[in-house]
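A.B. asks: Just dropping this structure here.
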Amino acid sequence: MTLFEKTDLFLRNLYETAFYFSVMAVKENFRNYVGRAGTVGAPAPTMAVLGNGPALAGELPRLLEETKRGEERDFMAVNFFAEDDRFAELRPAYYVLSDPMFFRDTAQRDRVAALYRTLNERVAWPMHLYVQYYNPERFDYRAALPNPNIRIIPFHTQMYRGFRRLEFWLYRRGLGSANFGTVVQVGEYIALLLGYKRIELYGVDHTLLEGLCVDDGNRLCRADRHYYDGGEPAAPRPIFQKVPPRPYTMSVYLAEVAELFRGHEVLRDYAATLGARIVNRTRGSMIDAYERSEVKGKR
554 MTLFEKTDLF LRNLYETAFY FSVMAVKENF RNYVGRAGTV GAPAPTMAVL
604 GNGPALAGEL PRLLEETKRG EERDFMAVNF FAEDDRFAEL RPAYYVLSDP
654 MFFRDTAQRD RVAALYRTLN ERVAWPMHLY VQYYNPERFD YRAALPNPNI
704 RIIPFHTQMY RGFRRLEFWL YRRGLGSANF GTVVQVGEYI ALLLGYKRIE
754 LYGVDHTLLE GLCVDDGNRL CRADRHYYDG GEPAAPRPIF QKVPPRPYTM
804 SVYLAEVAEL FRGHEVLRDY AATLGARIVN RTRGSMIDAY ERSEVKGKR
C-alpha cells in the first residue's frame, strides 16, 4: 500500500468514526441493553440460530429429535417462526425482529399484527425479544406484546465502518451493529454478546441471487423461498428497498448482497477474537465465511 493509499484509508476511517459517534449521540445512545439484560437462565453450550430459508424445513425434525434426546442447545428464532406449530416444542428463549415492517406501518401490517397476537398467546416460558432501538414512529412494543413472559430488549442498529480495532471494541460493549442486511446476522451478534462460544446456523440458505430476473417494465424481480411455504419458489415479483420503499436496481441490489456477505466475514473475524465459533449447519448455504457441518436430515 502506497503512502497516498494509507493516508486516504486513515482519513476515511477517521471520518467514518466521527460520523458514527455523532449519529449515535443524536439518534441512539451508548447503553449496552443486550449485555445488561444477560441470558435467559444459565446458558447452554450452544446457541442455535434459526433462519427462515427453505433448508430449515428439513433441519427442524432433526433438531426436535435431538432436543427430545436431551442435547443442550438454546434456540434463537426470527421473524415469523412463532407461527410454526413447532415453535412451542422448541421453546426459543431468544427471538429477534429487525425488519422495519415490525415497527412501521407497511403493507405487511396485518401479518405483523397476527404475529404479535401469536407471540402473546403462545409464549408460556421466559423469552428475550430483541428489537431495533431506532424506532422513529415510536411503535409501542409493550402495548402490542403485554405477555409478561416476554422481555423486550433493544439493540443498536447504526453501522460502524471505521477502524477495525475500534469496531470490535464497540461490538464487545454492545454498541456496534451487525445489521448488515439480514436478521440472522443480528442474532449471531447478540449470541456473541451474550457469551456463547458455539453458534450454529440453521435455515440460512442465503440463495439471494437465485431466481433473479428483470421484467418487461425493467423492474428487478426475484422468486423468493422460505421454509414455511414448503421451500417452493413463488412467482417472480418486483423487489423493493425497505427504507424508503422504492424498487431495487440491479446495481443497488448486488451492492447490498455483497455487503451482507462481507458482514458474515466481519462476524467470523469478531467471533475469533472472542474464542467463539460460528458453524453453518445449513445444507446448500451460499455463505462461505464459516466452517460447515451440515445436518444430515431429510430435505
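Straight run, no breaks: the sequence shown in the working numbering ends on number 852. Ideal Cβ placement from N, Cα and C applies to all residues, glycine included. Every value quoted in this text rests on a predicted model; they were computed, and no experiment measured them.
Flag this pair as yes or no: are the beta carbons of TYR687 and LYS580 separated by less than 8 Å?
C.D. replies: By one-based count along the sequence shown, residue 687 stands at place 134. By one-based count along the sequence shown, residue 580 stands at place 27. Pairing TYR687 with LYS580 gives a Cβ-Cβ distance under 8 Å.
A.B. asks: Is VAL649 helix, strand or coil by DSSP?
C.D. replies: Indexing the sequence shown from 1 puts residue 649 at position 96. Note: VAL649 maps to strand in three-state DSSP.
A.B. asks: If you check the beta carbons only, do PHE721 and LEU813 fall under 8 Å apart?
C.D. replies: Locating residue 721 in the sequence shown gives position 168, counting from the first residue. Locating residue 813 in the sequence shown gives position 260, counting from the first residue. In this structure, LEU813 does not lie closer than 8 Å to PHE721 by Cβ.
A.B. asks: Is it true that the stretch 644 to 659 meets the stretch 690 to 698, where meeting means three or more beta-carbon pairs spaced less than 8 Å apart?
C.D. replies: yes
A.B. asks: I need the boundaries of the alpha helix (DSSP H) containing TYR749, first residue and last residue.
C.D. replies: The count along the sequence shown starts at 1 and reaches residue 749 at position 196. No alpha helix (DSSP H) holds TYR749; DSSP gives it neither H nor E.
A.B. asks: Considering only residues of the stretch 650 to 731, which uninterrupted alpha helix (DSSP H) runs meet the minimum length of 4 residues and lie entirely inside it, listed in chain order?
C.D. replies: 662 to 675, 694 to 697 and 717 to 725
A.B. asks: Between the C-alpha atoms of PHE628 and LEU698, what's the straight-line distance to the nearest angstrom?
C.D. replies: Taking the sequence shown and counting its residues from 1, the one referred to as residue 628 is at position 75. Taking the sequence shown and counting its residues from 1, the one referred to as residue 698 is at position 145. Approximately 20 Å between the Cα atoms of the pair.
A.B. asks: Among LEU762, PRO607, GLY748 and GLY623, whose alpha-carbon lies nearest the alpha-carbon of VAL810?
C.D. replies: The sequence position of residue 810 within the sequence shown is 257, counting from 1. Checked all of LEU762, PRO607, GLY748 and GLY623; the closest Cα to VAL810 is LEU762.
A.B. asks: Taking the C-alpha atoms as reference points, what is the distance between ALA542 and ASN833?
C.D. replies: This structure cannot settle anything about residue 542, because the visible part of the chain is limited to 554 through 852.
A.B. asks: Would you kindly work out how many angstroms separate the C-alpha atoms of TYR755 and LEU556, rounded to a whole number?
C.D. replies: Mapped onto the sequence shown, residue 755 falls at position 202. Mapped onto the sequence shown, residue 556 falls at position 3. Roughly 44 Å between the two C-alpha positions.
A.B. asks: Who are the Cβ neighbours of GLN661 in its own chain at under 7 Å, not counting the five residues just before and after it?
C.D. replies: Position 108 of the sequence shown holds residue 661. Taken in chain order, the residues that qualify are MET654.
A.B. asks: Which same chain residues end up closer than 6 Å to ASP822 when comparing Cβ atoms and leaving out the 5 residues on each side of it in sequence?
C.D. replies: On the sequence shown, residue 822 is found 269 positions in, with the first residue counted as 1. There are no such residues.
A.B. asks: On a CA-only basis, which of VAL587, ARG714 and MET680 is nearest TYR568? Give me that one, please.
C.D. replies: Along the sequence shown, read from residue 1 onward, the residue named residue 568 stands at position 15. Minimum Cα distance to TYR568 is reached at ARG714.
A.B. asks: With a cut-off of 8 Å, do at least 3 Cβ pairs link the stretch 787 to 804 to the stretch 770 to 778?
C.D. replies: yes
A.B. asks: So what does DSSP say about GLU625, is it helix, strand or coil?
C.D. replies: Residue mapping note: residue 625 aligns to position 72 of the sequence shown, counting from 1. It is coil, neither helix nor strand.
A.B. asks: Nearest-angstrom Cα distance between THR802 and MET839?
C.D. replies: Here residue 802 refers to the residue found at position 249 when the sequence shown is read from its first residue. Here residue 839 refers to the residue found at position 286 when the sequence shown is read from its first residue. The straight-line gap from Cα to Cα measures roughly 22 Å.
A.B. asks: Considering only residues of the same chain and omitting the five flanking positions on each side of TYR742, which have a CB-CB separation below 6 Å?
C.D. replies: Position 189 of the sequence shown holds residue 742. Contacts found: ALA731.
A.B. asks: Excluding the 5 residues preceding and the 5 following ALA597 in the sequence, name in chain order all residues of the same chain whose CB lies nearer than 6 Å to its CB.
C.D. replies: If you number the sequence shown from 1, residue 597 lands on position 44. Answer for ALA597: GLU625, ARG626 and ASP627, listed in chain order.
A.B. asks: Whole angstroms is fine: what's the gap from VAL805's alpha carbon to GLN794's?
C.D. replies: Numbered from 1 along the sequence shown, position 252 holds the residue referred to as residue 805. Numbered from 1 along the sequence shown, position 241 holds the residue referred to as residue 794. So the two alpha carbons sit approximately 9 Å from each other.
A.B. asks: Cutting at 6 Å between CB atoms, please list the residues of its own chain near TYR586, excluding the five before and the five after it.
C.D. replies: Position 33 of the sequence shown, counted from the first residue, corresponds to residue 586. Cβ within range, chain order: ILE706 and PRO707.
A.B. asks: Considering VAL767, what are the terminal residues of the beta strand (DSSP E) in which it resides?
C.D. replies: As a working mapping, residue 767 is identified with position 214 in the sequence shown. 765 to 767 is the extent of the beta strand (DSSP E) around VAL767.
A.B. asks: For a test of the three-state rule: what should DSSP assign to MET839, helix, strand or coil?
C.D. replies: In the sequence shown, the residue the question calls residue 839 occupies position 286. Coil at MET839, not helix or strand.
A.B. asks: Could you compute how far the alpha carbon of LEU562 sits from the alpha carbon of SER651?
C.D. replies: Position 9 of the sequence shown, counting from 1, holds the residue named residue 562. Position 98 of the sequence shown, counting from 1, holds the residue named residue 651. Roughly 31 Å separates the two Cα atoms.
A.B. asks: Checking the sheet assignment: what are the DSSP bridge partners for PHE633?
C.D. replies: Position 80 of the sequence shown, counted from the first residue, corresponds to residue 633. Answer is none; PHE633 lacks a bridge partner.
A.B. asks: Relative to the alpha-carbon of PHE583, which residue among THR710, GLY594, LEU728 and ASP769 has its alpha-carbon at the smallest distance?
C.D. replies: Start at 1 with the first residue of the sequence shown, and residue 583 comes out as number 30. The shortest C-alpha separation from PHE583 is found at LEU728.
A.B. asks: Using CA coordinates, which residue listed in GLU844, VAL684 and ASN702 is at the minimum distance from ALA677?
C.D. replies: Stepping through the sequence shown from its first residue, residue 677 is reached at position 124. Taking only the C-alpha atoms, the option nearest ALA677 is ASN702.
A.B. asks: Measuring CA to CA, which of ARG695, VAL737 and LEU747 is closest to VAL593?
C.D. replies: If you number the sequence shown from 1, residue 593 lands on position 40. Looking at ARG695, VAL737 and LEU747, the one whose alpha-carbon comes closest to that of VAL593 is LEU747.
A.B. asks: With distance defined between alpha-carbon atoms, name the residue in GLU642, HIS681, ASN632 and ARG644 nearest to ALA666.
C.D. replies: Numbered from 1 along the sequence shown, position 113 holds the residue referred to as residue 666. Of the candidates GLU642, HIS681, ASN632 and ARG644, the one whose C-alpha sits nearest the C-alpha of ALA666 is ASN632.
A.B. asks: Rounded to whole angstroms, what is the Cα-Cα separation between LEU546 and ALA829?
C.D. replies: Any question about residue 546 goes unanswered here, given that the chain covers just 554 to 852.
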